[in-house]
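**Q** First the structure, which I've put down as structure tokens, then a few questions once you've had a look.
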Amino acid sequence: MAKNPNIYKFEVIERIITEVNFTTKEEVVEFARKVRDYVLSKPDVSKEKKDAFKNAYKEIDEELTLGNLKEIKKIISGSNN
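Every position in the sequence shown, counted from 1, becomes a number in this note's numbering once 556 is added.
In structure tokens:
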């Protein structure tokens, strides 16, 4: 059974935030754009996954603030200790 694209979107957002050390939102947006473009260039990636990466990028770029991104990273980091 395919994973719900919204759930996959949140996993993508979490992974992007944890993979980049950032001090500005622009650093996160740039990294997310590169990841999205890479995934979209792969013909073997499913439409659902491509949609999740597009939606994750859009949410990072348009909806999340720098404060949101830092808070998410803090929560994720705290849960891994």
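Don't be surprised by glycine CBs; every beta carbon is placed ideally from N, CA and C. Predicted model only: the values in this text are computed from it and were never measured.
(1) My understanding is that L625 touches F609, with C-beta atoms under 8 Å, so please give their C-beta distance in whole angstroms.
(2) Going by alpha carbons, who is nearest to E590 out of N560, A612 and L620?
(3) Are there 16 or more other CB atoms within 10 angstroms of the CB of R592, so buried, or fewer, so exposed?
(4) Give the C-beta separation of I572 and I632 to the nearest angstrom, bearing in mind that I take them to be a contact with Cβ-Cβ under 8 Å.
(5) Mind checking I569: buried by the 16 CB within 10 Å criterion, or exposed?
(6) Go through its chain and collect everything with a Cβ distance to T574's Cβ below 8 Å, but skip five positions before and after it.
(7) Following a CB-centred definition, is D593 positioned closer than 6 Å to any heavy atom of the ligand ZN?
(8) Looking at V584 and F578, is the spacing between their C-beta atoms short of 7 Å?
**A** Let me lay it out:
(1) Between L625 and F609, the beta carbon gap of about 17 Å keeps them out of contact (Cβ cut-off 8 Å).
(2) According to the sequence displayed, residue 590 carries Lys and not Glu. Sorting N560, A612 and L620 by C-alpha distance to the C-alpha of K590 places A612 at the top.
(3) Buried: at least 16 other Cβ atoms inside 10 Å.
(4) Not really, about 11 Å apart at Cβ, beyond 8 Å.
(5) Buried, because 16 or more other Cβ atoms sit within 10 Å of the Cβ of I569.
(6) Excluding sequence neighbours, T574 sits near K629, I632 and S633.
(7) Among the ligands in the structure shown, none appear at all, so the ligand ZN cannot be discussed.
(8) Yes. Within cutoff.
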